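Asks: Supplied in structure tokens, the structure appears directly below.
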Amino acid sequence: MLSAEALAAARRRGLRPVLWTAWGRDWTRTATPASVLAALAPGLRGGATVLLHDSDCTSAPGSWRAALGALPGLVARCADLGLQVGPLREHGVR
1 MLSAEALAAA
11 RRRGLRPVLW
21 TAWGRDWTRT
31 ATPASVLAAL
41 APGLRGGATV
51 LLHDSDCTSA
61 PGSWRAALGA
71 LPGLVARCAD
81 LGLQVGPLRE
91 HGVR
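With our numbering, the residue at position 38 of the sequence shown is 38, and numbering never jumps.
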């Protein structure tokens with residue numbers, strides 16, 4: 001959640017908050033690579049920021065595997081759409 005306090009703290013540290021435009025919903029117990037891809041699909045477009053989780057410290061145990069399993073399909077889908085996949089720093093966000 002982006003509160004006024006969090007935004008002010010980020011500004012004091014020279015950071016720019018970035019929110020996601022495509023959300024994999026990968027933290028749930030029932031998440032699968034296919035369900036993650038299905039959740040991401042509507043938000044995939046040029047300049048999109050994809051949210052996936054690389055740990056399960058606050059989610060269902062082992063749920064990170066759904067995000068990891070979705071990556072090859074995500075990259076392929078982006079290529080099919082003519083989109084490039086890269087780190088956030090390549091979006092011009094600092």
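Note that CB positions come from ideal geometry on N, CA and C, so glycine has one too. Nothing here was measured: the structure is a model prediction, and the numbers come from that model.
Could you tell me which whole alpha helix (DSSP H) segments of length 4 or greater appear in the segment 1-31?
Replies: Listed in chain order, the complete alpha helix (DSSP H) runs (minimum 4 residues) inside the segment 1-31 are 4-12.
Asks: Taking C57 as part of the alpha helix (DSSP H), name the residues at either end of that continuous run.
Replies: Counting along the chain, C57 falls outside any alpha helix (DSSP H), and DSSP gives it neither H nor E.
Asks: If we count Cβ pairs, one from each stretch, closer than 8 Å, do we get three or more for the segment 21-29 versus the segment 1-9?
Replies: Result no; under three Cβ-Cβ pairs closer than 8 Å.
Asks: Report the three-state DSSP secondary structure of L44 (helix, strand or coil).
Replies: Three-state result, L44: coil.
Asks: Give the DSSP-derived three-state secondary structure of V85 in the structure shown.
Replies: Three-state DSSP puts V85 in coil, outside helix and strand.
Asks: Which residue from D80, G69, G82 puts its Cα closest to that of S35?
Replies: Considering only alpha carbons, the answer is G69.
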